[in-house]
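To keep things clear, I will list the structure first and then write my remarks on it.
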Amino acid sequence: MKDEPKAKPASALPFKTVTEELTFLRKSTRDLIDTYATQLEAEIVHLHSVVQADAESKKKLPGSRASDLRDVLMLLRSLEIKPTKGRRRDLKKVENLVEELRTIIDRWQ
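Take the sequence shown: its letter number 91 is residue 326 in our numbering, and every next letter is one higher.
Okay, structure coming up:
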């Protein structure tokens, strides 16, 4: 049987360092989430502006555009998320949707 390690007094343990590192982790996580959200929103704004520009365009658009728009609409309407739950999988669904939309809309340019 191994000898149990001797208990150390609280003053000898690195509580302060651990709490400082946890504070840093919390701030880093918040910064990471803010940056990620900003990038994702910027991509959605870009997609919106491309669609809006085509909607306001006076030039004749290819027939395939109508099919693409129906696909985009179907994808947007099929998104099922629960924002109030704050689940990572819902973020992944949004990210995947934006990637699919980008693939379709990038063909237009």
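Cβ atoms here follow ideal geometry from the backbone N, Cα and C, with glycine treated the same way.
Element boundaries [alpha helix (DSSP H), containing residue i]
i: residue 327; result: 323-341
i: residue 264; result: 250-291
i: residue 246; result: Segment: none, residue 246 is in no alpha helix (DSSP H) and carries neither H nor E.
i: residue 310; result: 299-313
Residue i versus residue j: straight-line alpha-carbon distance, rounded
i: residue 240; j: residue 250; result: 19 Å
i: residue 318; j: residue 324; result: 11 Å
i: residue 243; j: residue 279; result: 54 Å
Assumed close pair residue i, residue j - CB separation to whole angstroms, cut-off 8 Å
i: residue 289; j: residue 296; result: 6 Å
i: residue 314; j: residue 326; result: Not really, about 12 Å apart at Cβ, beyond 8 Å.
i: residue 285; j: residue 340; result: 5 Å
i: residue 335; j: residue 310; result: 6 Å
Beta-carbon proximity check, residue i vs residue j, cutoff 8 Å
i: residue 275; j: residue 329; result: yes
i: residue 342; j: residue 282; result: no
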